[in-house]
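Visitor: The structure under discussion is supplied below as structure tokens; questions concerning it will follow.
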DNA sequence: TATGAATGAGAGTTCATTCAT
DNA sequence: AATGAATGAACTCTCATTCAT
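Chains as they are written, first to last, in the numbering used here: chain D, 3 to 204; chain X, 3 to 204; chain L, 3 to 204; chain F, 3 to 204.
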């Protein structure tokens, strides 16, 4: 069993799989899960319709794989940006800035995420929420708790607060237009939120 | 008692029509637009499958009628509750309280609203946003502007602020579970928001 | 049982029935039998959809009644015109002239006739052919046989010849456009046919 | 042997496609367009109901393809037979003979042709007339004009005359019974027509 | 007689999925 | 691994017909 060949096949496999997932992103984004057409996805990726079943066992499995991919990619992006700052206040600002940026630069992925989080399919919703747990953790462990410890933020339930911030972020994300413009500026939001968080309030 | 007028009103808001809209609410809420089955709706309302087409010209027309109904009913509910208070601060608290209440008591309607606002169908999204304009107006004209005039809130762009509050409200609404429980208490939210709005901040 | 009332009802019955048949003519002409919509017919006649079933037991029965009406009315028209002439040659010319006239002035009835004669429904086709037997008789007994007896036409099988002339007439009728214009002038046809019939030929 | 070209030709004139068109011919012939059942066609061709949509985008598209096929096949048949003769008179006789033959041997195709030419659907009618233009040309360019030039026929408008002959032919075709018997013998018709055409008449 | 709400069989069409090549 | 013809369940929508009023 030559190792080299295995690696090559993996590479090809990976490439095709990614092409299919990319095409799926656009289709699911513009049509929703039920409205999406599996054959169209395979064609858009440059393959015949049967090909997609060599990589995903069903339409549902494809969506679940896509959900995982989106959540992981989004999280990676956010972690990288947020950690560029040290100060929790700056980190919070970065969180909203980077969050909007990611959505604007990944409109289809963003739309899939929001559609799944708000859509009626319980399995997809759950999987998406699970995928976004690391981002909750990022908010809690690397922004809110340090901020409270440093006395920058008042003492709040970090879990509930992180939930509120995620909710707010997702809500704002859903106002991003198809052309990638948001009605609400991230700095403005961050400023507003910092008022609610800041020490001395209440 | 003019018979013609009666008949016309019946046509627009007859018993059968309402039964169908109610059944449609549940079906669309649990299955989404594309996943919904129009025969099942008619059956669930207690009629044969063809009957629904005596009232709505297509599945799409049914959804549009439902969107209008939901937006109007939601707005009516909010207006009634919010106006029971005079003070803008109390009104803002009421806004979040009543908002959550409405969603908890109208889970299916709420889910339809959120699914449409975040879903991929541009026409439905637009129609829903249009239907919610009166609620934006309620926030602006009866809460934010009076609050600023009374010096309770700092001077902010009322339109952007109303957008932020609606976004926040809708985001919170989307966290209400299928059993009608929200992770975020409305008073807590309102408190947080009031910090961001209050005079003397920033 | 007052006789007067009976008569009135008959009159109303007759009027309504005729209105329905008129509307049916247009609908069947433009949509064909299967494509025709019974409700639309009733509405076009000024009645609610149920009404038509007070006069015709089914869509099929309506069409059969219409076929009889068309054939009888067409025949009446032709007899009246043809008998205005005495000479068989003039009568033959009149036959084509009046035939085209009738179609041009009764476009919908004409189209129903032609559609039924050429359509796939055996029952309708048969009924229509039966309805047109009197016109065959008119050709045979009042044009061809007298013409042969007077030595104006050569001796031909009158039945086959009548069949040919009817076939030709119906074929020409089918070339009449929706605006009521025919590509072939009736005099020209009649002239051509008279060449084929005339004594001394062959 | 380029594989691609094979595939393309298969797509246009593959076995399955032809089987479907054959089944469609019978169904449309016996039921008319609106009465035809597309599932029945696919089943009759030996396939599942969905299969037909792999070859024709809609019922209407199927009919249009069938119209083209019928017109082309009919024309091919006529050209081959008519050109076996040199003399315009013999060619005209052949025209009627072969025409009847074709209908008798292709009853379903013939019925579809006649139904479409006389039916209420404008698009089908137009397409069928267009498909039959080559047969008009055959009459004009290879029978009537040569006959006039040779002095066998009198000088007539060739277009109008061709129209009359086609009309007559189609009319006669419509009298062919379901068992394939015509009331009018083709020689008899041709003889009658030649009387109308012959030099020295009028 | 006239009405029109309700019915439900039936049609065209879509598309996820299978599988032989 | 890739293909694409074939499948058939499922869905939206139509409309002839019934019937209580």
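Ideal Cβ positions, reconstructed from N, Cα and C, are used throughout, including at glycine. All values derive from a computational prediction rather than experimental measurement.
(1) Please return the same chain residues whose Cβ sits closer than 8 Å to the Cβ of residue 34/D, not counting the five positions on each side in sequence.
(2) Pick helix, strand or coil for residue 155/F, following the three-state DSSP scheme.
(3) Along chain F, which residues have their Cβ under 9 Å away from the Cβ of residue 195/L?
(4) Since residue 289/D contacts residue 169/X with CB under 8 Å, what's their CB separation in whole angstroms?
(5) Hey, is residue 33/X's beta-carbon within less than 9 Å of any beta-carbon in chain D?
(6) According to DSSP, residue 113/F sits in a beta bridge with which residue or residues?
(7) In whole angstroms, what is the alpha-carbon distance linking residue 102/F and residue 184/F?
(8) So which residues on chain X does residue 165/D lean against when the C-beta distance must stay under 8 Å?
(9) Got a sec: which bits of the stretch 68-87 of chain F sit with their beta carbon under 9 Å from any beta carbon on chain L, in order along the chain?
(10) Compare the beta carbon distance of residue 161/D and residue 138/D with 9 Å and say whether it is the shorter of the two.
(11) Please name the residue in 40/L, 47/L and 46/L whose C-alpha comes closest to that of residue 59/L.
(12) What are the residues in the stretch 92-121 of chain L lying within 8 Å of chain F by C-beta distance?
(13) Who are the Cβ neighbours of residue 140/D in its own chain at under 7 Å, not counting the five residues just before and after it?
(14) Between residue 36/L and chain F, is there a C-beta pair that is closer than 9 Å?
(15) Taking all protein chains shown into account, do 16 or more other C-beta atoms lie within 10 angstroms of the C-beta of residue 125/X, making it buried, or fewer, making it exposed?
(16) Between residue 27/D and chain X, is any beta-carbon pair separated by less than 9 Å?
(17) At a CB-CB cut-off below 7 Å, which residues of chain D make contact with residue 172/X?
(18) Check the Cβ of residue 169/D against every Cβ in chain X and list those closer than 8 Å, keeping chain order.
(19) Quick one: which chain D residues come within Cβ less than 8 Å of residue 162/X?
(20) Apart from the five residues on each side of it in sequence, which residues of its chain come closer than 7 Å, Cβ to Cβ, to residue 98/L?
(21) Should residue 90/D and residue 155/D be called a contact, given that it needs their Cβ atoms to be closer than 9 Å?
(22) Go through its chain and collect everything with a Cβ distance to residue 199/D's Cβ below 6 Å, but skip five positions before and after it.
(23) Do you know offhand how far residue 136/X's Cα is from residue 16/L's?
(24) Please determine, among 54/L, 111/L and 88/L, the residue with the shortest C-alpha to C-alpha distance to residue 1/L.
(25) For residue 24/F, tell me which candidate among 165/F, 119/F and 48/F has the shortest Cα-Cα distance.
(26) Might you give, ordered along the chain, the residues of its own chain that have their beta carbon closer than 7 Å to the beta carbon of residue 87/L, omitting 5 neighbours on each side?
(27) So that I know if they touch, is there some Cβ in chain X lying closer than 9 Å to that of residue 204/D?
(28) Assuming residue 44/X contacts residue 22/X (C-beta within less than 8 Å), just tell me the rounded distance between them.
(29) Comparing alpha-carbon positions, which option in 70/D, 174/D, 113/D and 145/D lies nearest residue 31/D?
(30) Would you verify that the beta carbon of residue 89/X is, or is not, closer than 9 Å to some beta carbon of chain D?
(31) Return helix, strand or coil for residue 200/F, following the three-state DSSP convention.
(32) Output the distance between the C-alpha atoms of residue 147/D and residue 197/D, rounded to the nearest integer angstrom.
(33) Please report the straight-line C-alpha distance between residue 128/D and residue 115/D, rounded to a whole angstrom.
(34) From residue 180/F to residue 109/F, what distance separates their C-alpha atoms?
(35) Please tell me whether residue 124/L has its Cβ less than 9 Å away from any Cβ of chain F.
Guide: Per the coordinate set shown:
(1) 117 and 121
(2) strand
(3) 194 and 198
(4) Nothing about residue 289/D can be reported from this structure: the residues present for chain D run from 3 to 204 only.
(5) yes
(6) Looking at the DSSP assignment, residue 113/F forms no beta bridge with any residue, so it has no partner.
(7) 8 Å
(8) 177, 185 and 186
(9) none
(10) yes
(11) 40/L
(12) 113, 116, 117, 119, 120 and 121
(13) 80, 81 and 84
(14) yes
(15) exposed
(16) no
(17) 173
(18) 170, 173, 174, 176, 177 and 186
(19) 185, 186 and 190
(20) 171, 188, 191 and 192
(21) yes
(22) 155
(23) 57 Å
(24) The displayed coordinates of chain L run from 3 to 204. Any statement about residue 1/L would go beyond what the structure contains.
(25) 48/F
(26) 93 and 96
(27) Because the pLDDT at residue 204/D is just 46, under 50, the model does not fix this residue reliably, and the value given afterwards should be weighed accordingly. True, the Cβ-Cβ gap to chain X drops below 9 Å.
(28) 7 Å
(29) 113/D
(30) no
(31) strand
(32) 17 Å
(33) 12 Å
(34) 7 Å
(35) yes
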